[in-house]
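Residue numbers (this note's numbering), protein chains in the order written: chain A, 1 to 352; chain P, 1 to 352; chain Y, 1 to 352; chain W, 1 to 352. These notes concern the structure reproduced below.
There are 4 protein chains.
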Amino acid sequence: MADKAKIAVLGASGYTGAELVRLLLRHPRAEIVLLTADRRAGQEMRAVFPQFAPFNLPKLVTIESIDWKSAGIDLAFCALPHGTTQTVIKDLMAKAPKTKVVDLSADFRLHDNAAYARWYGHDHQAPELQKEAVYGLAEIYKSEIEKARLVANPGCYTTCAQLPLTPLLKAKAIEPGEIVIDAKSGMTGAGRAAKESMLFSEVSEGFHAYGVGHHRHMAELDQEFSLAAGKDVVVSFTPHLVPMNRGILSTIYVRGIDGKSPEDLHALLLKFYEKAEFVHVLPFGETPQTRHVRGSNMTFIGVAKDRQPGRAIIVSALDNLTKGASGQAIQNMNLMLSYPEATGIDQVALFP
Amino acid sequence: MADKAKIAVLGASGYTGAELVRLLLRHPRAEIVLLTADRRAGQEMRAVFPQFAPFNLPKLVTIESIDWKSAGIDLAFCALPHGTTQTVIKDLMAKAPKTKVVDLSADFRLHDNAAYARWYGHDHQAPELQKEAVYGLAEIYKSEIEKARLVANPGCYTTCAQLPLTPLLKAKAIEPGEIVIDAKSGMTGAGRAAKESMLFSEVSEGFHAYGVGHHRHMAELDQEFSLAAGKDVVVSFTPHLVPMNRGILSTIYVRGIDGKSPEDLHALLLKFYEKAEFVHVLPFGETPQTRHVRGSNMTFIGVAKDRQPGRAIIVSALDNLTKGASGQAIQNMNLMLSYPEATGIDQVALFP
Amino acid sequence: MADKAKIAVLGASGYTGAELVRLLLRHPRAEIVLLTADRRAGQEMRAVFPQFAPFNLPKLVTIESIDWKSAGIDLAFCALPHGTTQTVIKDLMAKAPKTKVVDLSADFRLHDNAAYARWYGHDHQAPELQKEAVYGLAEIYKSEIEKARLVANPGCYTTCAQLPLTPLLKAKAIEPGEIVIDAKSGMTGAGRAAKESMLFSEVSEGFHAYGVGHHRHMAELDQEFSLAAGKDVVVSFTPHLVPMNRGILSTIYVRGIDGKSPEDLHALLLKFYEKAEFVHVLPFGETPQTRHVRGSNMTFIGVAKDRQPGRAIIVSALDNLTKGASGQAIQNMNLMLSYPEATGIDQVALFP
Amino acid sequence: MADKAKIAVLGASGYTGAELVRLLLRHPRAEIVLLTADRRAGQEMRAVFPQFAPFNLPKLVTIESIDWKSAGIDLAFCALPHGTTQTVIKDLMAKAPKTKVVDLSADFRLHDNAAYARWYGHDHQAPELQKEAVYGLAEIYKSEIEKARLVANPGCYTTCAQLPLTPLLKAKAIEPGEIVIDAKSGMTGAGRAAKESMLFSEVSEGFHAYGVGHHRHMAELDQEFSLAAGKDVVVSFTPHLVPMNRGILSTIYVRGIDGKSPEDLHALLLKFYEKAEFVHVLPFGETPQTRHVRGSNMTFIGVAKDRQPGRAIIVSALDNLTKGASGQAIQNMNLMLSYPEATGIDQVALFP
């Protein structure tokens, strides 16, 4: 591979696609050579996202117009809608076995075929790849990602919940049966599809929960938390929409076990993330704000005492488009291509 | 009393003061005869709130310039900061014993002197009035309010949490020791004081929790929930700030007892609020949005199944300035003056 | 006609439809008996606008299901998309000649067939009605509206520009050839159609102009300003989108003629609107904010000196859904049904 | 000078200070060695701006605690309030003559003592430095800036207006007496001082003009436009506040002279900015949005035809904290220290 890896972004007309392009344009070891957007094929990227007008970027093409064999892509990011993704990646990896893939959809996040079928209502179209895919939470699966050919980039809600909870569950420090995750997301998490419920006037100046009791992200949480705890874990999880663009904040209610105090949980997280480039644990009692990680790949985690003895309130915050999607995808790319982990994703948060 | 009660608003330069004026200007049985704002005394209301420019309103005066004996006020709303309130009301009620008072501050909400001193760090300055004051949650204490001379208007967060939970605790339908209230408020709940943390650029485009583990509203919740349950109740409660002006949404996690299902809890609330003018219980499984109660005195409550058997997620929404403050204050005034409960506060929500 | 007029709202699933319902629900002389929404027919209004859940309203039906002859409608508001409107109204008025109509679309605003065809690219489908229709700017055409059967409710941008400029042009106080109108609107002015460009994340946290040099609203301005000035007037007009829901603010740059100073222009407007219920002229030098008229039918107008001798800056503000659409429509209804002009639309602005 | 210049930021607790730190933290040739904030002295930067928690930064100190002689600062950014700035810089430059200064306040922008006294109501405290200071609009005064010791960084409104207008005035392509600049700014332009008028609830969900007819930025515009045109120019300029954090958009109405068409003006700007790193001229007829330059040092300019023959509408957009303040300040630093002009300020805009 040359000094700069040749990169494709499939699905460049959505928000995670734009965020990939924003970051890759300034990545010293990456060169964007291919951008797809089926409905906008033939157009310049600037017609879809005017902020890219000053930059030279390849024109948008359809996926089916690509000859994967000769394309010479080192790594492809796949930011396509759920469902179509698995057939696109199956085809790509069959024709270009040396091209690595980071998939930002949910298609390859569940390891278990049966669980996939149960949550999504149909069989997986690429079961072998499903088996091969590595779950791309770099703070937990770093060594697996380094060797992977296909990485399933975690969801934004689930990244925000796993980063504080997985180390605590692994350490058997909290009661797995009493976890309540109250999550709040900015609007970019819902994508760029033109839906009435996502219009400015339907979203601004108000707040609401959605998918109460049955959100799909729970499948991913069930899998990862059960793995971490070594037994079946089912959490209470409620997502909400905040009238803001970027950011997820999770307020998490837990009970320490075996006498573990909130201070103990804090110490445990502090130690676990001692050397992490993208997780910052705040001093005990402080809690984070989403605005202070905006546009950065950073996750902030705070731990405070609840009023009820033995219980703690943990608050985590990240930017759903960066650490929650495209930044994390590039973090995975860096590991897969043996670059230093923070290459090109060390932006300082944009506040105000 | 004449056809229109003579009304004073103490503290008219804050947001709850403005909301009182907005509603009273169109109340068919009320006439605003006195407006105070110490720092803005001598000014017209339009200088403080330009939306009132087209209306005839009395000039702002200081509280100390008022001769309560001769003022002939039927009812005074007190929208003053915590602390000074109790001495102002003590003085007012001593000099004008026929003037009724609805207090929007926290000063008279706690019945217990010791609890007051513990939460606020000093003894109450008007302990007799503290004893006399009626807690003004009209849906629960209607008959007491009708006879009251001094009503302590509930807090906005606590109204939003009590309306769904108090009936369930009274009915012993939920486990009092396992209640988690994750509450989110618009910015007007924080008042109009010029603080850096409340500037547009500190608040918009982001989300955060505050007062984690030790918010003062908990004193009021402890009192009322313990009364309802007939034993000490301590809940987990976390307030958050939403970049919006009006609205509180509470996401509440509860466990039914004695086999009470989420559907049972829903049925119980539906029955309890059958005739309530200002509480609307949504069909089972639906949850509310704050924008749909904006500017109205209405509370919307939804109940849904949690994934964990036996657990329910309850979501309640109200406008913190209306049902959470000034609308509820006028609801109390209506009861105290023997007007129909909804007089002047039947506005339809403003959406979008 | 009975004590309450029987009212139909055609197109009740859009924002101006919802605003009509909000206002009509509290109008003492109006009863909503018919609501249409073709794509939502069969549904309850609460499914489309949850804020109406507590109210009894007729179910949504299709327009074609209505038997106009027997419907007994006193007045129909037509809040349908441009184009289809003219055939719907033609049919309605043919079948139910006693039903009066207030049309909120642009279909009947232009008096001139040729101008209509030039701006809209096709001939008008109801040219006789186009001739009969009265332009519904109540502050200018009150007596015509009182006698009208069909009123064309003005556009929101044009109302905001005409209220300050028409009296000045009629008085020949400003130079008609040097008017610059820089207009800014909240998002509800763009309606409720699901378009990518209207998504929260495309609109919030940014600002832009649109339709620069060729916006359709100019046809209406040309007509009315030319009528007022007694000669052809062509103004510079640029609309912009503000990340807010409600409100239009127009910043207007004019030059006084015949020695008319900014103070003279102010005095002229003050006198013209002396008895107007819904136009408030601020003291000289003060300029308005949209938030102070939100949810009300009020227009605020301010006049200030420009730095260049002889030039003035005029700023006008209104709520595009109320005075800019549905409130003005009800104002027209009141005049058409011989009710006092402000009946049911005297709400105080909702701020904050 | 070493590989990295030693940089001081005076006034690091305001928004332009934070933006300087954000950019300097990733500038390959700069090292932050000194941060001041008088009222926050002794605190860590993370207490003032939590987004910097993960970074090593010097503690905040007072200005008076600094020994300028021994501090060894290569370049100081001065982001202090107007007025105090001139005495601080006078003292600094007397004690450390080798330290270069980029001043972000208005103190050194006016060349003329009399004009300064007229606009600010007092004599300048450092008249010699006022004479020496170079006006830091890099696109116009590049060679002067390269040699300067003290650069007066332009204002945000004025940068946004000068970039499109100065080349046109220099080329005598537009009528200097008929320029109308209607400018709209995000809230960070107003700084971080705790004022009632800047609270979230006073600013969100509304729009207004301010300082109509007499804004201080006009002094700077008068000076620069008169220089460009070679004669006295007085423009109409009205600033407005948009409920957003970052961004300025100027809608500018001009008349071409000597038969210059809007297309000619566009061609002229395209040519003038052919090699500019931070000005991008859009295709004729397209106009920019502030969100597409957010967080970047880029200015977008669009030119469109007005309806009135011979008149054009020009729209320019930039981020007031980046190109309008701190990004431009670093652009000036780069020139003063002989670095490539775009070093460290080539961030891609953050949208959405």
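Using N, Cα and C, we set each Cβ at its ideal position, and we do this for glycine too. Please read these numbers as outputs of a predicted model, since none were measured by experiment.
Within chain W, the residues that P:E205 reaches when beta carbons sit closer than 7 angstroms: Those are N245, listed as they occur along chain W.
A:I145 - DSSP class collapsed to helix/strand/coil: helix
Residues of its chain near A:A219, where Cβ-Cβ distance is below 7 angstroms and the 5 sequence neighbours each way are ignored: L110, A115, W119
For Y:A41 and P:L199, the rounded distance between their alpha carbons: Their backbone Cα atoms lie some 45 angstroms apart in a straight line.
Can you find a CB in chain W that lies within less than 8 angstroms of the CB of Y:L249? yes
Return yes when the Cβ of Y:T251 is within less than 8 angstroms of the Cβ of Y:V279, no when it is not. no
Considering only C-alpha positions, which residue in the set A:E175, A:L60, A:R29 is nearest to A:Q43? A:L60
According to a CB-to-CB cut-off of less than 9 angstroms, which residues of the region 1–25 of chain A neighbour chain Y? Y15
By the DSSP assignment, the alpha helix (DSSP H) with W:G17 in it spans what residues? W:G17 -> alpha helix (DSSP H) spans 15–24.
Taking Cβ positions, are Y:L241 and Y:S185 nearer each other than 8 angstroms? Yes. Within cutoff.
Starting from the beta carbon of Y:A182, find every residue of chain W whose beta carbon is closer than 7 angstroms, and list them in chain order. Looking at the sequence shown, residue 182 of chain Y is not Ala but Asp. Under the 7 angstroms cutoff, chain W gives D182, T251.
7 angstroms Cβ shell around Y:V348 - same chain, five flanking residues per side excluded: So the qualifying residues of the chain are S296.
May I have a chain-ordered list of the alpha helix (DSSP H) segments no shorter than 4 residues that lie completely inside the region 17–73 of chain W? 45–48, 68–71
Segments of 4+ residues assigned as alpha helix (DSSP H) that fall wholly inside the region 148–211 of chain W: 156–170, 200–203
Going by DSSP in three states, Y:L337 sits in which element: helix, strand or coil? Residue state, collapsed to three classes: coil.
Looking only at its own chain, which residues have a Cβ that is under 6 angstroms from the Cβ of W:A329, when we skip the five neighbours before and after it? The beta carbon of W:A329 lies closer than 6 angstroms to those of F77, V102, L104, N153 in the same chain, with the five residues before and after it left out.
Of all the alpha helix (DSSP H) runs that stay within the bounds of the region 231–301 of chain A, which reach a length of 4 or more residues? 262–272
One question on the structure: do A:V151 and A:N332 come within less than 8 angstroms of each other, judged by their Cβ atoms? yes
If you follow the alpha helix (DSSP H) that Y:F351 is part of, which residue opens it and which one closes it? Here Y:F351 belongs to no alpha helix (DSSP H), and DSSP marks it neither H nor E.
Assuming contact is defined by CB atoms lying nearer than 8 angstroms, are W:S201 and P:Y157 in contact in what I supplied? Not in contact: W:S201 and P:Y157 (Cβ atoms no closer than 8 angstroms).
Work out the CA separation of A:G256 and A:P369 for me, nearest whole Å. No answer is possible for residue 369 of chain A: the residues shown for chain A start at 1 and end at 352.
Grab me the residues of P:V203's own chain with a C-beta within less than 7 angstroms of its C-beta, minus the 5 sequence neighbours each way, in chain order. M187, L241, P243
Should the region 299–314 of chain Y be called in touch with the region 119–132 of chain Y, which here means at least 3 C-beta pairs below 8 angstroms? The region 299–314 of chain Y, when compared against the region 119–132 of chain Y, does not touch it at the 8 angstroms Cβ threshold.
Where does Y:T99 land, buried or exposed, given buried means 16+ other C-beta within 10 angstroms? buried
Using a Cβ-Cβ cut-off of 8 angstroms, state whether P:P405 counts as contacting chain Y. Absent from the model: residue 405 of chain P. The displayed extent of chain P is 1 to 352, so no value can be given.
Taking only beta-carbon positions, decide if P:G324 is within less than 8 angstroms of chain Y. no
Going by DSSP in three states, P:A79 sits in which element: helix, strand or coil? P:A79 carries a coil assignment under DSSP once its states are collapsed to helix, strand and coil.
Would you call the CB atoms of W:T287 and Y:V212 closer than 8 angstroms? yes
Which residues, in order along the region 298–313 of chain Y, keep a beta-carbon less than 7 angstroms from a beta-carbon of chain W? For chain W, the residues of the region 298–313 of chain Y that bring a beta carbon within less than 7 angstroms of one of its beta carbons are A304, K305, D306, R307, Q308, R311, I313, in chain order.
Comparing alpha-carbon positions, which option in W:L34, W:H27, W:L23 lies nearest W:A8? W:L34
Tell me whether the beta-carbon of P:N353 lies closer than 8 angstroms to the beta-carbon of P:G189. Coverage of chain P is limited to positions 1 through 352, which leaves residue 353 of chain P absent and any answer about it impossible.
Host alpha helix (DSSP H) of P:R118 (start-end): 113–120
Closest Cβ-Cβ distance between P:T158 and chain W: below 8 angstroms? no
Chain A contact residues for Y:R192, given Cβ-Cβ distances below 9 angstroms: Correct list: E196, L199, S201, E202.
Between which two residues does the beta strand (DSSP E) carrying Y:I313 extend? 311–318
For the alpha helix (DSSP H) containing W:L104, name the first residue and the last one. Per DSSP, W:L104 belongs to no alpha helix (DSSP H) and is neither H nor E.
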